[in-house]
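In our numbering, the protein residues as written are 61 to 365.
For glycine and all other residues, C-beta sits at the position ideal for the given N, C-alpha and C.
Note that the structure is a prediction, hence the values are computed from the model and not measured.
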Ligand code: KPL
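This is the structure:
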């Protein structure tokens, strides 16, 4: 089998490892991650369990120093690390196409300040980082990609084909900016509630009082998306949030995984981004402001001052 494309995955957390692992079956993938994860993968491979199950053998490193070439750079860091990721990846800014599959509203824009060619992506796969060397594919989701800056449809088609070949079902988005907003709206409903209740995603859809809270939060956020010019109805927002929570019922949302590990969450990139847009349009978003405050408080409770 010939390996097709040189792929650099920057940020080997749950999602980066999952995508990188799948792509490594047909491509030359280098995963850039933390020392303990990298060491574990070097020793025994990257174990993917759950809905997808195999051991992947990508190249791994803790920095890009030894990486000579990358046709595709997948940025999969936490949203608060996107700027520093772009700085670390500057060397690949002109020749490689960069793809973001991160949560949050601003990643593609931030990357496009450095990279010439940017594709934006959204994915609702539920993936849990179990331990160094192992991630669990806990819920099957959808992935969509679209041109963001300096790329055309043919570039996106190539990436879609490569993803499909690796077993990642992928659509080409008709309007990726709208899809980024819809994904942020869904994340604003699921992630803070999961982090605050410490429940797997399924409970947010199956417990009526949590489903009602989630629906109210995403409706409020959808109004902000519409003010930003994106066609996201309250109904689509609520139905999509419930669908994603059900499909990823076994997953612990990424914000819950962050809280459990005492790490900074992506509340600023998701709910914070929605609140800043609400302010620009003089809209009230009290439910989002309320959960934003609670998650910030939760972070404060475990952060060393
Ligand atoms: O994006 C996610 C996340 O956890 O960040 C979902 C799709 C909600 C899966 O848990």
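Apart from the five residues on each side of it in sequence, which residues of its chain come closer than 7 Å, Cβ to Cβ, to residue 114?
Only 108 meet the Cβ criterion.
May I ask you to check if the CB of residue 304 is nearer than 7 Å to at least one heavy atom of the ligand KPL?
In this structure, the ligand KPL has a non-hydrogen atom nearer than 7 Å to the beta-carbon of residue 304.
Distance, residue 279 Cα to residue 83 Cα:
Spanning the two alpha carbons is a distance of roughly 36 Å.
Reference residue 274; option with closest CA among 282, 264 and 283
Cα-wise, what sits closest to residue 274 is 264.
Beta carbon of residue 64: closer than 7 Å to some heavy atom of the ligand KPL?
Residue 64: no, Cβ never under 7 Å from the ligand KPL.
With 16 other Cβ atoms within 10 Å as the buried cut-off, status of residue 239:
Buried.
Residues in the same chain with beta-carbon distance under 8 Å from residue 61, minus the five sequence neighbours each way, listed in chain order, please.
Confidence at residue 61 is low in this model, with a pLDDT of 48, below 50, so its placement is unreliable and no value can be given for it.
Terminal residues of the beta strand (DSSP E) in which residue 194 lies:
It spans 194-199 - the beta strand (DSSP E) in which residue 194 sits, taken as one unbroken run.
State yes or no: is the C-beta of residue 277 nearer than 7 Å to some heavy atom of the ligand KPL?
It does not: the Cβ of residue 277 is nowhere closer than 7 Å to a heavy atom of the ligand KPL.
Pocket of the ligand KPL defined by Cβ to heavy atom distance under 6 Å:
Going by the Cβ distance cut-off, the answer is 163, 184, 186, 201, 247, 250, 251, 261, 304, 308, 311, 313 and 314.
Quick check on DSSP: helix, strand or coil for residue 61?
Low per-residue confidence applies at residue 61: pLDDT is 48, beneath 50, and the placement is therefore not dependable enough to give any value.
Measuring only the C-alpha atoms, how far is residue 198 from residue 315?
C-alpha separation (whole angstroms): 15 Å.
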